[in-house]
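Here the sequence shown is numbered in the working numbering, starting from 20 and rising by one per residue. Yeah, the Cβ is synthetic: ideal placement off N, Cα and C, and Gly gets one too.
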Amino acid sequence: MKRLELKTMVRIGNLEATTERLVIRPYKTVDYSNWYHQYAHCYAALNKFDEGKIDLSDYTEVWFDEMVKKHLHFMNKDEAYILGVFKIEDGAHVGVIDVSTLMRNEFQWGRIGYTILNTYWQQGYGKEAVKAVLDMAFTQLGYHRIEAHINMDNTASIKLAESAGMEFECVRRAFIFEFGEWTDHLVYFRNAKQE
């Protein structure tokens, strides 16, 4: 219960993690042109888990403003924390990480998801960002356990979870409906350090 009380004191405006090369924070409306530019310059999808180059015709500045408001609503309700990943050097938007609440109270349990734009792969940004967000989840958001749910054949995501210090726990059978069928997922996890 102590962690839950600490969580309610988090100020969303102060929610930010900084690493040697990155700043990870909630999106702001002023991020639109940076966000748009980076997505516009993605390569075509490099594998089935990569969104790659997308049609941006519906992603207007008004749409982006609404997205930012939705994200704030999710954070205020403690449902999800959706964070942009930006390079400190030039401010470029390189990806997005989200932490979703699965259950609070005596569990303090969440799930992490991560996407690095394919133009920034193989540069260590994913590992750096995921490690920072895991720390944020434990120290600023009061979670005790964070899981990553990963497709069985998503080798890059498995390597990223392991490099960020997450441990393999189990296979959840027919866990999520995707690609037109109920799909097995690997579960990786990390717990907060015990005091």
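Residue i in three-state terms, based on DSSP
i           : result
residue 135 : strand
residue 122 : strand
residue 194 : strand
residue 72  : coil
residue 89  : helix
residue 161 : coil
residue 177 : helix
residue 95  : helix
residue 146 : helix
Residue i classed as buried or exposed, judged by whether at least 16 other C-beta atoms fall within 10 angstroms
i           : result
residue 152 : buried
residue 205 : buried
residue 146 : buried
residue 157 : buried
residue 107 : exposed
residue 24  : Residue placement at residue 24 cannot be trusted, given a pLDDT of 48 that sits under 50; the coordinates are not used to answer.
residue 94  : buried
residue 126 : exposed
residue 49  : exposed
residue 80  : exposed
residue 28  : Reliability of the predicted coordinates at residue 28 is poor, the pLDDT of 43 falling under 50, and the value obtained from them is presented with this limitation in mind. Counting Cβ neighbours within 10 Å, residue 28 comes out exposed, since fewer than 16 surround it.
residue 18  : Only positions 20 to 214 of the chain appear in the structure, and residue 18 is not among them; the question remains open.
residue 75  : exposed
residue 129 : buried
residue 209 : buried
Minimum C-alpha distance to residue i - residue among the options
i           : options               : result
residue 66  : 170, 78 and 89        : 170
residue 207 : 139, 64 and 184       : 184
residue 35  : 55, 203, 197 and 159  : 159
residue 73  : 80, 83, 81 and 62     : 62
residue 101 : 174, 155, 168 and 173 : 155
residue 64  : 50, 140 and 119       : 140
residue 190 : 199, 198 and 203      : 203
residue 92  : 143, 46 and 129       : 46
residue 4   : 110, 38, 117 and 77   : The structure shown does not extend to residue 4, since the chain spans only 20 to 214, so no value can be given for it.
residue 162 : 96, 40, 38 and 118    : 118
Residue j beta carbon less than 8 Å from that of residue i
i           : j           : result
residue 176 : residue 68  : yes
residue 105 : residue 42  : yes
residue 99  : residue 131 : no
residue 103 : residue 44  : yes
The segment 79-94 contacting the segment 179-197, beta-carbon criterion three pairs below 8 Å: no
Counting pairs of Cβ atoms below 8 Å between the segment 128-144 and the segment 45-64, do you hit three or more? yes
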